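Asks: Residue numbers (the numbering used here), protein chains in the order written: chain A, 1 to 404; chain B, 1 to 404. After the structure tokens below, expect a handful of questions from me.
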């Protein structure tokens, strides 16, 4: 996917309707409220931030998830986080408001908020705007929905895919996201909402989402910060005329690959739109002993401000990559077995600069906008991949000036 | 200690001589070689970086430490790291050169290097300069020594203290340091050399150094990066006419407090001279279950680029501090019991903004140059303290432009 392909065509998903409204939560004149409605019989899976200080809407959504929810209520402009007991009451109140408006019970509504931490949710404004968003519910509003959940995002993030089951029935997977919890958790939170018309039991849907989120959204990182509000939802409207999809079947493999592809595209779009990002960096760690070691090394490199500033400067400063690998905490790492590539250039082997490597080769790679750092640990056969971006003046500016 | 008191008077240490020279390692016209010599009968303790990619001199110094070394050979301008087998040969060669010059055996020399990673050590230049540095050895050159080990440091770092034993004999502890491994590990490495005329057995000296380093140099952090070359040495010339100091005695307590004080001052000086630092931040974590939990929370706050950029902007953005606490990984953290102070202002209690806290109060504290973040976890009775600084445009500039 290239940078220009973010806002690609969003295929409507049968049984999933979306409606937006201007609630004026943080400022006037922009869509900041989104309602997603799944038809009766739909199933819903969700994963949430692991941050202990999770926001009020996350706490409520976690509880409501067991009630087979069919409505998602999402606002931007205010995170309703760090708001204590009042924040919980506010989150419940907005669920009640939407439930009343559509004739449901409040526990069928999952609330999501993204925006400033520590300010109370303007419940009245949301209450007023809900009927307007409900009146607009339709299956074609994915673009408008992607815009309504943006905060500092510079562009909407949409991914969509159609696959054809063995019966000949087409299945659609469409998703939107906003970035990025790890870039700007104070206001921004990573949120992703993905829907399909495929038929799946809730437990299978949940297992799939956990697996996919772990391989996509959990593999992107900007600065190691985890938002209080991160969430990802997968809705299945079950409108496709087929048996429920079950793991182990060819149709399930096809379908789950489509979900993985959509979530991968959304995750990549979040990193590419990272605050201040000028470079897109893929970190491949190979030959690790186990997945946790592979991820530990990849994330240590990805979080190193020294590596990230070197990439911003297009400086092939491989010593910083080595130092990050060395401090990642691998038990008994034999540094002579470690090798490091920048794209296709071998830069480190036998614990030092590779024979034949020249600074010019490194500098050539570093001028690119998309760069892969590949690390072979020489310890086992497990690989992982983590996406990140560089660290620029603009990152400091945006995060220093955000509230002013 | 205030910012102006770094380069305070260095009391000479009987039995410890220092000599510097201009070797022209990275550039001409500056002292870049330092030799420290301890008299016969001295004992020597050292601690080194935990980075698996430790530099050649670190590997050699670790081996030589068992040979009761009496000479330290330190160069700035080149780290001799990431240099593979050749780097090891080079480090050994410089030890031999110094040993020849002073009539010792090579294993009595500990080598230390700080500077660019990945370039071979200019052994010839060092060989030429060693006799000049040896010829200048004397007990009064602490200031000159502190300057010779500087890289991007803006000022030399010296701390010195005299305590009087129960016998009436004065004991001196004097140390120098350069910063800072965690700020600019590529060239800069944290090095500290502390000497005393007190009499201590090597094993006791080593135990003391491990404990003191853990409470001082291991409690400062800028960006979480650990250098390939970090090292800290404690030399005891044993010239004071007394019994060997033993733990459990009043004299030992007095002496070890002096070593702790000197190392604390040096550690603080390193943070205050951090690259691009505009603010000095002390993070106190109290009421933790155990020391590792306390340190985990303190370091998670200290490493958060979002917290650090907020401090740079003087923005009392307490949501970012909360988010860092929440993701630190405390098992079953009860967020309602957590409270957070900025200096003497209570900003968070019961999982949200404190009653009565106003943005104005927070803004007033944030304008200060020295700020303490105090976190009470409400879980146990263990405390810790970590020192760090903010994250400015200059950090990005210095680390992006370093090699150009």
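Cβ atoms here follow ideal geometry from the backbone N, Cα and C, with glycine treated the same way. Just so you know, these numbers come straight off a predicted model, no measurement behind them.
1. What whole-angstrom Cβ distance do residue 244 of chain B and residue 200 of chain B have, given they're in contact under 8 Å?
2. According to DSSP, is residue 13 of chain A helix, strand or coil?
3. How many angstroms separate the CA atom of residue 90 of chain A from the CA atom of residue 142 of chain A?
4. For residue 132 of chain A, is the beta carbon positioned less than 7 Å from some heavy atom of the ligand ATP?
5. Between residue 383 of chain B and chain A, is there a C-beta pair that is closer than 8 Å?
6. Check distances from the C-beta atoms of the region 100–112 of chain B to those of chain A and list, in chain order, the residues that come in under 9 Å.
7. Say whether chain B places a C-beta atom closer than 8 Å to the C-beta of residue 302 of chain A.
8. Count Cβ pairs between the region 108–128 of chain A and the region 58–77 of chain A that sit closer than 8 Å; are there 3 or more?
9. What does DSSP give as the partner residues of residue 370 of chain B in its beta bridges?
10. Please identify, using Cβ separations under 7 Å, the residues of the region 341–358 of chain A that lie next to chain B, in order along the chain.
11. Any C-beta of chain A within less than 8 Å: which residues of the region 285–311 of chain B qualify?
12. Taking buried to mean at least 16 other C-beta atoms within 10 Å of its own C-beta, is residue 389 of chain A buried or exposed?
13. Any idea what DSSP makes of residue 194 of chain A, helix, strand or coil?
14. Taking the alpha carbon of residue 72 of chain B as the reference point, which residue from B/83, B/347, B/54 and B/130 has its own alpha carbon closest?
15. Can you list, in chain order, the residues of its chain with a C-beta nearer than 6 Å to that of residue 55 of chain B? Leave out the 5 residues immediately preceding and following it.
16. Report yes or no: is there a C-beta of chain A within less than 8 Å of the C-beta of residue 318 of chain B?
17. Closer than 8 Å by beta-carbon distance: list the chain A residues that pair up with residue 218 of chain B, in chain order.
18. Which bits of chain A does residue 227 of chain B rub up against, with CB to CB less than 8 Å?
19. Would you mind giving the Cβ-Cβ distance between residue 348 of chain A and residue 322 of chain A, rounded to the nearest angstrom? I have them listed as a contact below 8 Å.
20. Using CA atoms only, rank isn't needed, just tell me which of A/98, A/139 and A/289 is closest to residue 126 of chain A.
21. If I follow the unbroken alpha helix (DSSP H) through residue 85 of chain A, where does it start and stop?
22. Return the chain-ordered list of same chain residues with a C-beta closer than 6 Å to the C-beta of residue 121 of chain A, the five sequence neighbours on each side being excluded.
23. Could you check where the beta strand (DSSP E) with residue 386 of chain A kicks off and where it finishes?
24. Taking 8 Å as the CB-CB limit, is residue 392 of chain B close to chain A?
25. Name the chain D residues whose beta carbon is nearer than 7 Å to that of residue 245 of chain A?
26. If the cut-off is 9 Å on Cβ atoms, which residues from the region 51–83 of chain A count as contacting chain B, listed in chain order?
27. By the 8 Å beta-carbon criterion, what residues does the region 168–182 of chain A contribute toward chain B?
28. When we look at the beta-carbon of residue 17 of chain B and count the other beta-carbons within 10 Å, is it buried (16 or more) or exposed?
29. From residue 133 of chain A to residue 123 of chain A, what does the alpha carbon distance come to, in whole angstroms?
30. Considering only residues of the same chain and omitting the five flanking positions on each side of residue 317 of chain A, which have a CB-CB separation below 6 Å?
31. Based on Cα-Cα distance, which residue from A/264, A/260 and A/213 lies nearest to residue 47 of chain A?
32. Below 8 Å, how does it come out for the region 253–266 of chain A and the region 154–162 of chain A: are there three or more Cβ pairs, yes or no?
33. Nearest to residue 329 of chain A by CA position, among A/296, A/343, A/314 and A/25, is which residue?
34. Out of A/353, A/327, A/337 and A/386, which has the shortest C-alpha to C-alpha gap to residue 50 of chain B?
35. Taking the beta carbon of residue 291 of chain A as the centre, do at least 16 other beta carbons fall within 10 Å, making it buried, or is it exposed?
36. Does DSSP put residue 68 of chain B in a helix, a strand or coil?
Replies: Inspection of the coordinates gives the following:
1. 6 Å
2. Coil, per DSSP.
3. 27 Å
4. The model on display carries no ligand, and the ligand ATP is accordingly not part of it.
5. By this cut-off, residue 383 of chain B is not an interface position.
6. none
7. no
8. yes
9. B/280
10. Near chain B, meaning a CB-to-CB distance below 7 Å, the residues of the region 341–358 of chain A are 350, 351, 352 and 353.
11. 303, 304, 305, 306, 309 and 310
12. buried
13. It is a strand residue.
14. B/130
15. 79, 80, 81, 228 and 229
16. Taking Cβ atoms only, chain A reaches closer than 8 Å to residue 318 of chain B, which makes this a yes.
17. Those within 8 Å of residue 218 of chain B in chain A number zero; the least Cβ separation is about 13 Å.
18. 323
19. Separation of the CB atoms of residue 348 of chain A and residue 322 of chain A is rounded to 6 Å, and the pair is thereby assigned contact status at 8 Å.
20. A/98
21. 84–102
22. Within the same chain, residue 121 of chain A has close Cβ partners 78, 80 and 90.
23. 382–389
24. It does; some Cβ of chain A falls within 8 Å.
25. Included in the structure are the protein chains A and B, with no chain D among them.
26. 51, 52, 53, 54, 79, 81, 82 and 83
27. none
28. buried
29. 15 Å
30. 310
31. A/213
32. yes
33. A/296
34. A/327
35. Burial call: exposed.
36. coil
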